[in-house]
Every structure is written in structure tokens, then in C-alpha cells.
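Please read the structure below before turning to the comments.
2 protein chains.
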Amino acid sequence: MARYEQIASDLRDAIVRGDYPIGAQLPSEAELAIRYAAARGTVRQAVALLASEGLVGSRQGARRIVLGSERSQSFAELHSFAQWARSMGYRASGSVLASRRRPCSSSEAVRLSLEPGEEVLDVLRLRRLDGEPVLVERTVYAGWIAPAVERLDPDCESVTQELYESVGLVFAYGEHLIDAVAAGSEDARLLGVRRGSPLLRQRRVTTTQEGRPVECSDDRYRAGSVTFSIRNSTAANPLVRRAGD
Amino acid sequence: MARYEQIASDLRDAIVRGDYPIGAQLPSEAELAIRYAAARGTVRQAVALLASEGLVGSRQGARRIVLGSERSQSFAELHSFAQWARSMGYRASGSVLASRRRPCSSSEAVRLSLEPGEEVLDVLRLRRLDGEPVLVERTVYAGWIAPAVERLDPDCESVTQELYESVGLVFAYGEHLIDAVAAGSEDARLLGVRRGSPLLRQRRVTTTQEGRPVECSDDRYRAGSVTFSIRNSTAANPLVRRAGD
DNA sequence: TAAGCGAACTTGTACAAACAAGCCATAGGT
DNA sequence: ACCTATGGCTTGTTTGTACAAGTTCGCTTA
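Sequence order for the protein chains is L and B. Just so we're aligned: 19 in my numbering is position 18 of the first sequence, and the numbers increase by one with no gaps anywhere. Just so we're aligned: 91 in my numbering is position 90 of the second sequence, and the numbers increase by one with no gaps anywhere.
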């Protein structure tokens, strides 16, 4: 663990613990540099990390202030339903309801950088939290990863983790589109809600460390089961609003 | 504009223009440092900015690669419906349907750091894109900003901008919770949809540069009108999934 | 042919120094 | 009492250096 991560971790703990309550000022960079016996640049890296997590805000000339005290989850917990569920204390389960190979559509070819007509693997999964069906996942995997996906246990808890263990695949980057849709008849049947009732939809494309697209997916959450949370600031602005389709 | 921002801007333009297509490698830091006659640290700040926008990915030891080529909006465009609409080429309009002062609830007291029972301003607005009703906004303003809000034109296009111009208020930090809900009868009537139809809900709390909470809001978008987009990576992880309420 | 090794390249981390720019409280004057 | 100027404090930007750690690719060797 890098020095600046240690410092960030220490400060984060102090914030979470309440040593620096919301609205309070953080010590100055110079003071922190002395306290941790590190260069100012290293301290700046540490507080920049906290700022990117939305824990502290910063303006030129004034002391940094504490904005929040909630620890945010890791990328793994965002990307993997199972890992997220586990960290929240839920028990996740899931099952593959359908899985078939087919040629990719033209839009999929673009999103997964495939040749038109190249083969993809289409998987329909139902995910549960503590036994309650919560999420319908329609995932399209690029052909090159399909064999590894087909070897997975149909009731496999964490696809992400299994793929890492079996073929060393790491999901490194993701793009997510979030909107609301009405439940179709299949969605409604699987999630146990009425047709037309609101679902939170997350469409995503995931790529490897090398920038190679692995999968694109259409995930639909039952309303009330899951909320997405974003912190942003004039400095860091992850979330973007877009016109609907 | 700082040197590193100029460099970032130049590289971003090159990516958007297609000089570096998706999947391509960026020049090395050393090469960029020579090209821009800047120190390596400055170049690193520039590419770190692009990485935070999700445009490029980076791993130790390997050249940086291009992940996307879409320009992401600024914080202002995320926070202000009007500014976002304008940047997308739409014409935004809106109108205040109700506005009244009342004592705050206990949950509002916590979110806006107010004393229990302190007065807040409750505003109901309907927002339109090109004349089409798209968004129902229920905003609660902290008492100290209420007078400035009440002085606003009821049909004011951009509340954010007006508040900046009238009292110098800057919205600097925001926390957003996103989920899907069914339209209530008021939502349905205002948006011209059927009761129970899906809406994309964004609950947010906004604070000033000093970390002082200004408003909390419950915004409901008609399904299909707006999508939220997030890019993330193992390095930068803005988006977080949470259990529903 | 295939595995393994190593050298060159590239990004990550850390330190040090200097100046610019913005904030804030205090001292002083009106 | 209020307003302003000023100086000290704090964060932002930039440069330079050094080493650590990971990737890539070609060459050697079994």
C-alpha cells in the first residue's frame, strides 16, 4: 500500500470516526506533511483521493472541509452484484434462465468492437437478495470469453469472481447508463411485479484492463430494491445527464 | 486556464476528433512532455484529468489507452437543468406551481444541517424541454436562502444562474440518489402520464463551497426523457449502489 | 517450437523547492 | 460603527529528480 494511500486511509478513518465532523476543517497540508513525515505532494495525493470520494471539499486559499462521512464502496462492489450484496450483509443468489450463442447485432458490434455478425453469448439471469428476486440481467458476452462463461455454474454466485479465478479476467472499466422503464411481461413474471410497474434500468459496457470490451448488459432492478448514489463537485464530475435515447 | 488544463483540453480534442481512436495508445508521458514543453508532472495532471473523465485508462507499465470519445458535461450542466438543456440544444422552460414556507421535518433538519423546526421554503416546479413537460421538481431550500428564491421570476429559466447573479450563490458539491418510482397522481397529472407509470427519481442535496447545505430536492423525470451516464474504473469509482431505503 | 530470461520502456510514487492565487482576520483609518 | 488595506496562511501550479514496479518484446536456450 502506497504512502499516500495510508495517509488517506488514516484521514478517512478519522472522518468516519467523527474526529472531523461534517463541516469541520481538515488540518493544513503543511501540518499533515509534518504529522506524517511526508512531502506536501504526497499529502496532496492523499487528500485528492478523499476529495474524489466526495468526503472532503477544497477551495484555493481556504482549509479543506469535511463534506460527508460515508465510506463509498470499491469498483468491485459496484460492478459485481454478489460482492456488493455481501458487503451490505445480504446473501446473493442467482440462476441462469437461458444461454445461447448467436451472431451479434450491428449495435452490439459497435459497443463490443466486434466484426458484424461475429458470434456472441446471450445470457438471461435472475438475481436474488436473501431469496427475493430483485434483478433481471440480460448480458451479451463477446465471443472470445463465451467458453469461459459457459463453463460457469448456472447458479454461480459471483460471475465476476469466477471469471477472474478461472481465466484471470479483470473487469477494469465500465460505462453505465441509468434510466427508468416499465416492466415488460417477462420482467414482470420473473420479478413478481405487475406488468408496467417501474424498474430501474442500468445498461453497461465493461472492458478489460487492456480496453477490450467484454460484455454489455441490460440490468433491471425492482423498484425500491436498489438505489444508485453519486457524489460530485465542481472539481470532480462523474455523473452526466443525457437525453433519453 | 492552467497549463495542465490546456494540455488536457488539447488531448481531449484530439481524442474527440478521432486522432486517437478508441483502443489506441496515447503517446508516453515523456513524449507528451517534450511535445508540450512541460514537466512530466504537468503532463501527468493533464492525463489524470482525462482519466477522471473516463476518456482514457491507465495501468502501470503500459501505455495509456483511449476508452471513449464522448465529451462529458461540466458540473454546472449536471446540476442545472437549464444549462444542461441549453448545451444539448434544447430550450428549457419551467414554472413554479407552489411555493410556501413551513417548519422543516426532522429528516430535512439532518440533511440541511438545520435546527429542528427551523423554517424552510418548499417549492414545486414543473420543467419542460421544448415545451414538453419532463420533470417534476420538489425542492426544499434552507431558510437563509429562501428570500432570494422567493424573489425569483416564477418562470425563471435557470434557478442556478439567477441565484448566482442575484446573491453570488455557487452550488459546489452535490450528493445524488437515483432510483425508479411509480408516478403518483400529482406526478401523473403534471407530466401527462398514467398514474403508476415509471419515473426516474433523483434525490439530491446541494451545498455551497463552504460546505453549507442549500437545498434538497426530489426530481422525477418522465421515463425515456433523460438518462444518467457514468464512467468508472478500478481507479476512479464515483458511482455506488445502495440498498433501497 | 516453446518456454524463459532480460533489457528497454512506461507508468507509479516520493521528495524538494518555488511562486501564484485566493481566503481571512486583524489593524488601522474614516 | 463601518469600511478598507495589508499581511500571513493555505491551496493551486509547475519544475526537476530519483527510484520502484509493471509491461512488452525480442533474443536465447532447452
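We treat Cβ as the ideally placed atom computed from N, Cα and C, and that holds for glycine. Just so it is clear, the structure is predicted and the values come from calculations on it, not from any experiment.
Any chain L beta carbon closer than 8 angstroms to residue i
i                 : result
Ala181 of chain B : yes
Thr228 of chain B : yes
Ile16 of chain B  : no
Ala52 of chain B  : no
Thr43 of chain B  : no
Leu115 of chain B : no
Ile66 of chain B  : yes
Leu240 of chain B : A caution first: Leu240 of chain B carries a pLDDT of 49, below 50, which makes its placement in the model unreliable, though a value can still be read off. Yes, because at least one Cβ of chain L sits closer than 8 angstroms to the Cβ of Leu240 of chain B.
Sub-8 angstroms separation of residue i and residue j beta-carbons
i                 : j                 : result
Leu68 of chain B  : Leu12 of chain B  : no
Glu216 of chain L : Tyr142 of chain L : yes
Pro155 of chain L : Leu191 of chain L : no
Ala181 of chain L : Pro199 of chain L : yes
Ile16 of chain B  : Ser70 of chain B  : yes
Gly90 of chain B  : Arg128 of chain B : no
Asp219 of chain L : Arg196 of chain L : no
Gly24 of chain L  : Gly212 of chain B : yes
Ser159 of chain L : Gln84 of chain L  : yes
Tyr5 of chain B   : Gln61 of chain B  : no
Leu164 of chain B : Ala183 of chain B : no
Ala40 of chain L  : Ala34 of chain L  : yes
Distance between residue j and residue i (C-alpha atoms, nearest Å)
i                 : j                 : result
Ala93 of chain L  : Leu136 of chain L : 11 angstroms
Ser108 of chain B : Val121 of chain B : 12 angstroms
Leu240 of chain B : Ser53 of chain L  : Residue placement at Leu240 of chain B cannot be trusted, given a pLDDT of 49 that sits under 50; what the coordinates show is reported in the next sentence. Leu240 of chain B and Ser53 of chain L: Cα-Cα distance of roughly 11 angstroms.
Val168 of chain B : Gln210 of chain B : 14 angstroms
Val44 of chain B  : Pro28 of chain B  : 11 angstroms
Gly185 of chain L : Val227 of chain L : 19 angstroms
Thr208 of chain B : Asp123 of chain L : 44 angstroms
Gly144 of chain B : Glu138 of chain B : 18 angstroms
Gln26 of chain L  : Arg112 of chain B : 19 angstroms
Arg204 of chain L : Phe82 of chain L  : 14 angstroms
Glu166 of chain B : Glu151 of chain B : 14 angstroms
Ala224 of chain L : Gly193 of chain B : 21 angstroms
Tyr21 of chain B  : Arg36 of chain L  : 44 angstroms
Ala110 of chain B : Gly58 of chain L  : 21 angstroms
Leu125 of chain L : Arg102 of chain L : 12 angstroms
Asp188 of chain B : Arg221 of chain B : 8 angstroms
Thr140 of chain B : Ile66 of chain L  : 25 angstroms
Leu170 of chain B : Gln162 of chain B : 9 angstroms
Continuous beta strand (DSSP E) stretch holding residue i: start and end
i                 : result
Ile146 of chain B : Counting along the chain, Ile146 of chain B falls outside any beta strand (DSSP E), and DSSP gives it neither H nor E.
Ser53 of chain L  : Note, Ser53 of chain L: premise wrong, no beta strand (DSSP E); alpha helix (DSSP H) at Arg41 to Ser53.
Val182 of chain L : Tyr174 to Ala183
Ala3 of chain B   : It is not in any beta strand (DSSP E) - Ala3 of chain B carries neither H nor E in the DSSP assignment.
Leu98 of chain L  : Ala93 to Pro104
Below-8 angstroms beta-carbon distance, residue i vs any chain B residue
i                 : result
Glu176 of chain L : yes
Pro199 of chain L : yes
Ile231 of chain L : yes
Ser94 of chain L  : no
Arg60 of chain L  : yes
Any non-hydrogen atom of the ligand NAP within 7 angstroms of residue i CB
i                : result
Gly62 of chain L : Absent from the structure shown: the ligand NAP. Ligands present: none.
(message) Taking contact to mean 3 or more Cβ pairs, one atom from each stretch, closer than 8 angstroms, check whether the segment 177-194 of chain L and the segment 219-238 of chain B are in contact.
(response) yes
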